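Notes for the one structure printed next.
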Amino acid sequence: MLRAKNDAALAISLVALIISLGVFLRTPTAEEVADEILKRSTLQLQPKPIELGEIPKQPDIPYLTVESAEHKALAREGSVEVVTKYGEKQVLKIPFTGQVSSLIFGPDGKSIAIVTKGTAEMQMWSLETKQRL
0 MLRAKNDAAL AISLVALIIS LGVFLRTPTA EEVADEILKR STLQLQPKPI
50 ELGEIPKQPD IPYLTVESAE HKALAREGSV EVVTKYGEKQ VLKIPFTGQV
100 SSLIFGPDGK SIAIVTKGTA EMQMWSLETK QRL
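Be aware that the sequence shown starts at 0, since it is given in numbering that gives the first Met the number 0, and climbs by one per residue.
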């Protein structure tokens, strides 16, 4: 009888051990795996903030500014000043009449489109060659 009690206690302990191991060593669900992958990938892909240089503004002259991830631009009276994320400053002397209504950076970051008010003229310019496209 003593042996039967020992065998029963051993069996109960073994079952409890298997259940507790199952809780700690269980296979994660597909949703848990996807959440973990997403969490790790977003932590590694966080963009670093880009410090852009300042472009001086003259309050008496109308201007328009625009920023992208890599550039900051200011347009006023026939010129567009562009500061890159590396601190390089470019001044494009662009012949246009009227005020600029829109500045749009190209998807490659190497060009800029300028739309003027009134005439609604649009010009594309290369930031590398400073030539009209």
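Where a beta carbon is used, it is the ideal one built from N, C-alpha and C, also for glycine.
Quick caveat: nothing in here was measured; it's all calculated off a predicted structure.
Inter-residue CB distance, residue i and residue j (contact presumed, cutoff 8 Å)
i    : j    : result
M121 : L132 : Actually they do not touch by this definition, with Cβ atoms about 11 Å apart.
I111 : V81  : 7 Å
For residue i, three-class secondary structure by DSSP
i    : result
A29  : helix
A72  : strand
L9   : helix
K4   : helix
E120 : coil
E127 : coil
E35  : helix
K92  : strand
E80  : strand
Cβ shell of residue i (< 7 Å), same chain only, five flanking positions each side left out
i    : result
S12  : none
S125 : K109, S110 and L132
E127 : K109
Residues of its chain near residue i, where Cβ-Cβ distance is below 8 Å and the 5 sequence neighbours each way are ignored
i    : result
S78  : V90, L91, K92 and I93
L16  : none
G105 : I111, A112 and M123
K129 : Q89 and L91
L9   : none
One or two residues paired with residue i in a DSSP bridge
i    : result
A15  : A15 is not bridged to any residue.
E66  : K71
L102 : I113
Cut-off 6 Å between Cβ atoms - residues of its own chain near residue i, not counting five sequence neighbours on either side
i    : result
V114 : S100, S101 and M121
S67  : F104
K88  : V82
is_contact[residue i, chain D] using C-beta, thresh 7 Å
i    : result
A119 : Judged by its chain identifiers, the structure shown contains no chain D, having just a single protein chain.
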